[in-house]
Amino acid sequence: MNVTVIGVGYVGLVTGACLADMGNHVICVDIDEAKIGVLNGGGIPIHEPGLAELVRGNVGGGRLGFTSDFDKAIAHGTILMIAVGTPPGEDGAIDLRYVLAAARSIGECMTDYKVVVNKSTVPVGTGDVVRETIQAQLAARGVAPEFAVVSNPEFLKEGAAIADFMRPDRIVVGTEDECAELLMRALYAPFTRVHDRLMFMDVRSAEFTKYAANAMLATRISFMNELAILAERLGVDIERVRCGIGSDSRIGYQFLYSGAGYGGSCFPKDVKALVRTGAESGVDLQVLRAVESANERQKRVLLEKIEQRFGAGLEGRHFAVWGLAFKPNTDDMREAPSRILIAELLRRGATVAAYDPVAMQEARRVLGDHAGLTFAATSSEALGGADALVIVTEWKEFRTPDFEHIRASLRQPLIFDGRNLYEPALMAQLGFDYHGIGRGGRTSVASRRGAERSRPASR
Numbered sequence: 005m006n007v008t009v010i011g012v013g014y015v016g017l018v019t020g021a022c023l024a025d026m027g028n029h030v031i032c033v034d035i036d037e038a039k040i041g042v043l044n045g046g047g048i049p050i051h052e053p054g055l056a057e058l059v060r061g062n063v064g065g066g067r068l069g070f071t072s073d074f075d076k077a078i079a080h081g082t083i084l085m086i087a088v089g090t091p092p093g094e095d096g097a098i099d100l101r102y103v104l105a106a107a108r109s110i111g112e113c114m115t116d117y118k119v120v121v122n123k124s125t126v127p128v129g130t131g132d133v134v135r136e137t138i139q140a141q142l143a144a145r146g147v148a149p150e151f152a153v154v155s156n157p158e159f160l161k162e163g164a165a166i167a168d169f170m171r172p173d174r175i176v177v178g179t180e181d182e183c184a185e186l187l188m189r190a191l192y193a194p195f196t197r198v199h200d201r202l203m204f205m206d207v208r209s210a211e212f213t214k215y216a217a218n219a220m221l222a223t224r225i226s227f228m229n230e231l232a233i234l235a236e237r238l239g240v241d242i243e244r245v246r247c248g249i250g251s252d253s254r255i256g257y258q259f260l261y262s263g264a265g266y267g268g269s270c271f272p273k274d275v276k277a278l279v280r281t282g283a284e285s286g287v288d289l290q291v292l293r294a295v296e297s298a299n300e301r302q303k304r305v306l307l308e309k310i311e312q313r314f315g316a317g318l319e320g321r322h323f324a325v326w327g328l329a330f331k332p333n334t335d336d337m338r339e340a341p342s343r344i345l346i347a348e349l350l351r352r353g354a355t356v357a358a359y360d361p362v363a364m365q366e367a368r369r370v371l372g373d374h375a376g377l378t379f380a381a382t383s384s385e386a387l388g389g390a391d392a393l394v395i396v397t398e399w400k401e402f403r404t405p406d407f408e409h410i411r412a413s414l415r416q417p418l419i420f421d422g423r424n425l426y427e428p429a430l431m432a433q434l435g436f437d438y439h440g441i442g443r444g445g446r447t448s449v450a451s452r453r454g455a456e457r458s459r460p461a462s463r
C-alpha cells in the first residue's frame, strides 16, 4: 500500500518505519527541512532503540523516503497519517494548530480518494474539525474528491516503540466509512496474523480511548506513589505491598512501581487535557485532578528527603545525579522529574554533577548553562566528591553498580534512590545510608538472607 505520514517526530518516524518494514511504500513529510535533511543524510533525530537500523534498512530497500514536498507526499498516499505534535497550553488545552495545518495541506493537494488517519493524540471531536477543515479547502478549490477521516491512536511506549507497533496489544480504529475500514484492515493485517487485535469503533470513542488509557496508567502510578508516602510513615515496605497486590489477577503488576513521579510527552499532557475536557463539559474529574496533584508532589519527594538529611540550606553541598530522561531508553526530557530536582538543588545553593546514558545532549539544551551544573561523561565521573548520589531514572547500567567504588567516590556513603533499584538490607550491609521511596518496612528474614546471598564479594 502507498502510505504518507505527515510529521517525522517520535510517532511519525516509528509509524513510517514499521509500516515500510511490512512492505508498504511510505513517504514521510515534514515542514522542518532540517529534520528531513538529517533523515535523508542517514541520521535519526530522536533516540529509540532499534529505530536507526529499521529506518536505514527500509530506506535502502526503497520502501521509505523523506521529503518536505507536500504535493508529492499527498499525491503518493492513499492512506494519509497525521502524526504531528499536539503541545499543551498552560491551561491544559491541546494546541491543534499542527493537526489543522496538516488537514489544510491535505485539502489543498488531494485529487482523489484518501483515508485521512489521525494518529496524533487529540481531544474528542477533533475528527469532525479535521473533516471540516479539509472540506473547506476542497470547496475553495472547487473540487470534491471523496475522503474519510479515521482515528487510529498510537499506544507506543518510548523505549519500546518498535516492539509495541510490531506486536500490539490492540489496534484501535475509529471510522464509520466502510471503504476506510477495509483499507485499515488491509494495512494492519500483517500485525494481526496470530489473532485479530483490531478494534473498530466510532471516531469519537477511538479518540477518547487514548486519553482513557493514559489516564488509567497515570492513576496507577500516582496511587502507588501516595501509598509509598504513607508506607514510610507506617514503617511499611511498599515493594512488598506492590508484590502482594500485583499478584491479584484483577490488578496485575504493571505500572505499580513507586518512584519520583511520571513525566514525558503523554501522561502529564493527557491527564491535563482530559481534566479540561471534563470541565468544559460540566464534569469535574476529581480523581484525575488528584492524580495530577499527587504527581506534582511526588516530583519533589527526593528534594524533601535531601532537605530532611541536610537541612533547607544546601550551600556548599554537591550532588551526583544519575538519570535525566523521564524514563530509560529515551532521551526525552519533557516533564522529567530530574528537571525539578536539579533546578531546586541549584536554587538552594548546591552544585550538581549530572549523568545520563543517552540524554546528555538534550539535557544540555533543556537545562542550559549554570555555574553550579556540570555534565559528567560517565556515571563514575559524576560521583567524584559528591555529598550524595541521587538516582532519578532507572537505567539498566545503574542496577548493579560497583558499590565499593561508589562508597570510595562519595564524601559519605549516602544514596537517595528515586526508583527503588536496591534492597535496603543489602545497602545496610554494604554500609550505605540508603533512602528509597516508601521503603519503611522492617527487613524480613527472607530479605536479609537474599541480601547476604546477593552481597558482592569485592564490592
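Under the numbering used here, read the sequence shown as residues 5 to 463, first letter to last. The C-beta atom is built at its ideal place from N, Cα and C for all residues, glycine as well.
For L278, the enclosing alpha helix (DSSP H) starts and ends at 271-284. In the assembly as shown, K400 is an exposed residue. Its beta-carbon has fewer than 16 other beta-carbons within 10 Å.
T179 is positioned such that its CB atom lies no closer than 9 Å to that of V126.
Of the candidates N62, P157, R246, L414, P157 places its Cα closest to the Cα of A216. A direct Cα-to-Cα measurement between Q365 and S383 gives close to 15 Å.
Fully contained in the segment 167-218 are the following alpha helix (DSSP H) runs of length 4 or more, in chain order: 182-192. Around the beta-carbon of H439, 16 or more other beta-carbon atoms lie within 10 Å, marking it buried. Residue pairing for C32: DSSP places it in a beta bridge opposite V9, F70.
For S155, the enclosing beta strand (DSSP E) starts and ends at 151-155. For K118, the enclosing beta strand (DSSP E) covers residues 118-122.
Between A340 and L350, the C-beta spacing is not below 9 Å.
Per DSSP, the continuous beta strand (DSSP E) segment holding M85 begins and ends at 83-86. Comparing alpha carbon positions, the residue from V287, R313, F271 closest to S297 is F271. For V134, the enclosing alpha helix (DSSP H) stretches over residues 130-145. Exposure of C183 is indicated by the presence of fewer than 16 other C-beta atoms within 10 angstroms of its C-beta. Sorting I10, Y14, R443, G11 by C-alpha distance to the C-alpha of N229 places R443 at the top. Counting only runs of 3+ residues, the beta strand (DSSP E) found wholly inside the segment 371-417 occupies 377-379, 392-395, in chain order.
Here P92 carries a strand assignment [DSSP, helix/strand/coil].
Of the residues A432, D181, I31, A264, the one whose Cα lies closest to the Cα of E300 is A264. Remark: C-beta atoms of T355 and V291 do not approach each other more closely than 9 Å. In this structure, D34 is the residue among D34, V88, R101 with its C-alpha nearest to the C-alpha of F70. Taking the C-beta atoms as reference points, L100 is found no nearer than 9 Å to T8.
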